[in-house]
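Numbering (the working numbering), first residue to last: 1294 to 1533.
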């Protein structure tokens, strides 16, 4: 009888041990699979590099000087706007990008409030690249745009005392004006930028095997000023 009980106890112990081993092995396999999926998702998204999620292009008509143009504006622009009936029209662009190669971009497995698993994508700060696309003067009296970088038209619009240095000050003032307005727009456009990021990144994460992916935004913006790159600006301004 004692031998029979010992045999039963041994069989039960073996069964419990096998079950515990299977459960532990299953847990380790699931954890390994989850880690593998997260790694594959992260590397797949890093391969995208810098991703543009939203682009804003705005055109502005300037008919009076502001602080961006300083003394130069008071000397030339006020007279040109009031006496020569000129209006300055410039177009600037803000390109919102996320650098998925940044070490601040992370993918983590997490549990939501309902207890379900999800994949959390922690995004780096959004990069807002500001550039001026075009800058022209509009002659209201003759209803036409001026190819204003030509020397004779510069002198005609601003007088014979208008120099190459003055032209560069005008460009710098216009760029400062654009940057100031772009800074205001960046904050206003944040909801649209984040909505566009979700529409772009969540399907990508799903396609790479992420489970119920969600985005977490840093809330910070890195502004990149491209307004000083004037070669393309001057080329556009010469176009009639």
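Just so it is clear, CB atoms sit at the ideal spot from N, CA and C, and this is done for glycine as well.
Asked                                                                                                                                                          : Found
Express the C-alpha separation of residue 1503 and residue 1408 in angstroms, rounding to a whole number.                                                      : 17 Å
Once you ignore the five residues that flank residue 1341 on each side, which residues in its own chain have a CB closer than 8 Å to its CB?                   : 1393 and 1497
For residue 1377, which three-state DSSP category applies?                                                                                                     : coil
Which runs of the alpha helix (DSSP H) at least 4 residues long sit entirely within the stretch 1481-1512? Give them in chain order.                           : 1483-1500
With which residues is residue 1368 paired in a DSSP beta bridge?                                                                                              : The partner list for residue 1368 (beta bridge, DSSP) is empty, contrary to what the question assumes.
Straight-line CA distance for residue 1385 to residue 1352?                                                                                                    : 7 Å
Which residues does DSSP pair with residue 1345 in a beta bridge?                                                                                              : 1390
Excluding sequence positions up to five away, which residues of its chain have a Cβ less than 6 Å from the Cβ of residue 1516?                                 : 1421
Roughly how many whole angstroms lie between the Cα atoms of residue 1518 and residue 1475?                                                                    : 10 Å
How would you label residue 1371, buried or exposed, when you count the other beta carbons within 10 angstroms and need 16 or more for buried?                 : exposed
In whole angstroms, give me the CA-to-CA distance for residue 1413 and residue 1399.                                                                           : 8 Å
Count the other CB atoms within 10 Å of the CB of residue 1396; is the residue buried (16 or more) or exposed (fewer)?                                         : exposed
Can you have a look at residue 1354 and say buried or exposed, based on whether 16 or more other CB atoms are within 10 angstroms of its CB?                   : exposed
Buried or exposed, going by whether 16 or more other CB atoms sit within 10 Å of the CB of residue 1429?                                                       : buried
List the whole-angstrom C-beta distance separating residue 1357 from residue 1374, where the pair is believed to meet the contact cut-off of C-beta under 8 Å. : 6 Å
How long is the line joining the alpha carbons of residue 1534 and residue 1482, rounded to whole angstroms?                                                   : Outside the displayed span of the chain (1294 to 1533) sits residue 1534, for which this structure offers no information.
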